[in-house]
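Following: one structure in structure tokens, then a few remarks.
Numbering (full-length UniProt numbering), first residue to last: 1 to 475.
In structure tokens, the structure reads:
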């Protein structure tokens with residue numbers, strides 16, 4: 001059909017996406033299904049200290065591919081050899097990497113190329129690739145492989161769980177695990193399954209149960225418990241009130257997610273505690289939702305201030321998140337009335353061929369130093385005012401519920417870990433309606449029901465429904 005219509009087969013495709021999402025795995029699947037010769041090399045294999053060796057390897061690879069045509073050439077992590085060339089006009093920028101890239105460009109679409117060799121390449125840094133490499137005629141198709149959705153995570157879990165010895169059937173765990181892991185890649189999912197199996201082996205169990213999966217998810221998100229790190233009683237109190245501040249603000253506000261678990265056990269990733277939330281797979285956010293996320297992130301610092309009349313360095317990561325959200329609201333999302341409905345780019349880098357990521361009019365405006373300084377100063381002032389307003393709102397919320405903050409912190413000091421049900425028993429239901437989702441504890445109850453009743457299939461645990469279900473994430 002393509003011959004009749006005059007269409008041509010694309011000469012190449014670039015697989016894009018975050019690490020661990022299956023770009024290399026997809027290339028392996030193509031190698032199996034294509035039933036044509038498949039030549040694979042890593043981008044780093046082309047670059048050597050000896051001058052000219054990289055270009056020679058490129059010529060050798062494509063010579064072999066043309067000899068075996070029709071053939072597929074796959075270059076993994078092509079950013080190692082395909083970075084943007086220097087814009088230095090002094091004449092001394094022709095490095096070994098650039099010579100290798102130039103030879104690759106010639107082989108992909110030059111005078112001596114043929115139509116029977118297709119090039120596949122993968123990278124998670126498409127922003128640094130040379131424009132000549134990305135143009136049609138070389139890498140025509142740009143295939144973005146994103147993080148898996150809820151249904152995709154469920155299916156990935158089912159594939160990995162089939163290879164494990166489980167207490168219950170694989171489909172009993174797959175949906176619950178998928179709901180607990182928004183934003184996880186395929187590699188993260190494989191790691192969770194492996195960590196659960198390792199934990200079961202260390203515990204001397206004959207099969208993997210929900211406790212092992214709960215441990216695995218927690219380990220991947222927050223790191224394992226570091227038992228050798230012993231905090232003083234004063235530091236434990238500070239951490240307990242800090243994490244309770246996060247949890248209480250999230251519990252009281254309307255647009256925040258449910259609290260799955262709060263812990264003050266030190267972790268191997270240097271965290272002294274963490275609050276694990278249940279965010280849903282969401283792609284659009286309102287101004288109110290972003291503002292309440294800022295309030296929740298500030299809950300820890302605010303709780304320290306109103307309880308101890310001093311603050312610590314423990315809120316560094318929280319402040320970084322709040323600052324990023326505030327600047328994004330002002331400079332990118334057009335959510336500040338005084339700045340206006342504008343969106344400034346995150347970076348102002350100019351590409352190798354002079355392509356700007358914004359309009360000529362905006363470029364002229366930004367080229368004027370005084371105007372650029374005024375705009376940046378205005379954005380900084382508005383971001384600071386937004387953060388200050390979020391802090392005042394959080395402070396008032398915690399002062400009005402100071403008894404609940406103390407109650408939750410004391411429970412953490414006593415138990416070290418509290419979950420959703422514990423918080424609900426201490427504080428009562430959330431004022432804006434239930435936020436509960438499937439929790440690991442309900443898995444245990446379902447397993448016990450299965451064992452007590454002798455059912456062939458596990459009975460799903462009861463769950464509360466709400467209009468906006470949520471999924472877990474570390475905050």
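The beta carbon of each residue, even a glycine, is placed where N, CA and C say it ideally should be.
- Under DSSP, residue 163 shares a beta bridge with no residue.
- The beta carbon of residue 326 is closer than 6 Å to those of 383, 386 and 387 in its chain, skipping five residues each way along the sequence.
- Assigned with DSSP and collapsed to three states, residue 128 falls in helix.
- In the DSSP annotation of this structure, the continuous segment of the alpha helix (DSSP H) that includes residue 27 starts and ends at 23-33.
- Along the length of the segment 272-335, whole beta strand (DSSP E) runs at least 3 residues long occupy 274-278, reported in chain order.
- Residue pairing by DSSP places residue 261 opposite 276 and 419 in a beta bridge.
- The beta carbon of residue 146 sits closer than 8 Å to those of 17, 18 and 21, all from its chain and outside the five residues before and after it, given in chain order.
- With contacts defined by Cβ atoms closer than 8 Å, residue 406 and residue 299 do not form a contacting pair.
- Per the coordinates, the alpha-carbon of residue 108 lies some 40 Å from the alpha-carbon of residue 331.
- Taking C-beta separations shorter than 7 Å and ignoring five residues to either side along the sequence, the partners of residue 251 in its chain run 259, 423, 427 and 430, following chain order.
- Per DSSP, the beta-bridge partners of residue 14 are 121 and 142.
- With respect to the 8 Å criterion, residue 46 and residue 57 are classified as neighbours on the basis of their beta carbons.
- With respect to the C-alpha of residue 378, the residue from 132, 337, 136 and 413 having the closest C-alpha is 337.
- Residue 154 sits away from residue 185, with the two beta carbons spaced by 8 Å or more.
- Take the alpha-carbon of residue 409 and the one of residue 152: they are about 38 Å apart.
- For residue 72, the enclosing beta strand (DSSP E) covers residues 71-76.
- Judged by their CB atoms, residue 244 and residue 417 are not nearer to each other than the 8 Å cut-off.
- Cβ contact annotation for residue 255 (same chain, cutoff 7 Å, sequence separation greater than five): 288, 289 and 292, in chain order.
- At the C-beta level, residue 120 and residue 25 stay beyond 8 Å of one another.
- In the assembly as shown, residue 74 is a buried residue. Its beta-carbon has 16 or more other beta-carbons within 10 Å.
- The C-alpha of residue 380 is placed about 39 Å away from the C-alpha of residue 413.
- Burial is judged here by how many other beta carbons sit within 10 angstroms of a residue's own beta carbon; residue 411 has at least 16 and is buried.
- Within the same chain, Cβ atoms closer than 7 Å to the Cβ of residue 124 are found at 17, 18 and 19, the five residues on either side in sequence being excluded.
- Under DSSP, the beta-bridge partners assigned to residue 41 are 75.
- Annotation: residue 435 to residue 344 spans about 36 Å, alpha carbon to alpha carbon.
- If you look at residue 243, you'll find it in the alpha helix (DSSP H) that goes 233-252.
- Around the Cβ of residue 136, a 10 Å sphere holds fewer than 16 other Cβ atoms; the residue is exposed.
- Cα atoms of residue 193 and residue 160: separation of roughly 7 Å, rounded to the nearest angstrom.
- Per DSSP, the beta-bridge partners of residue 208 are 166.
- The residue among 27, 72, 12 and 309 with its C-alpha nearest the C-alpha of residue 39 is 72.
- Remark: C-beta atoms of residue 99 and residue 55 approach each other more closely than 8 Å.
- Nearest C-alpha to residue 283 among 218, 13 and 149: 149.
- Per DSSP, the beta-bridge partners of residue 267 are 225.
- Listed in chain order, the non-local C-beta contacts of residue 272 below 6 Å within the same chain comprise 239 and 266, local neighbours out to five positions each way being set aside.
- Pairing residue 398 with residue 249 gives a Cβ-Cβ distance under 8 Å.
- If you draw a straight line from the Cα of residue 67 to the Cα of residue 10, it is about 20 Å long.
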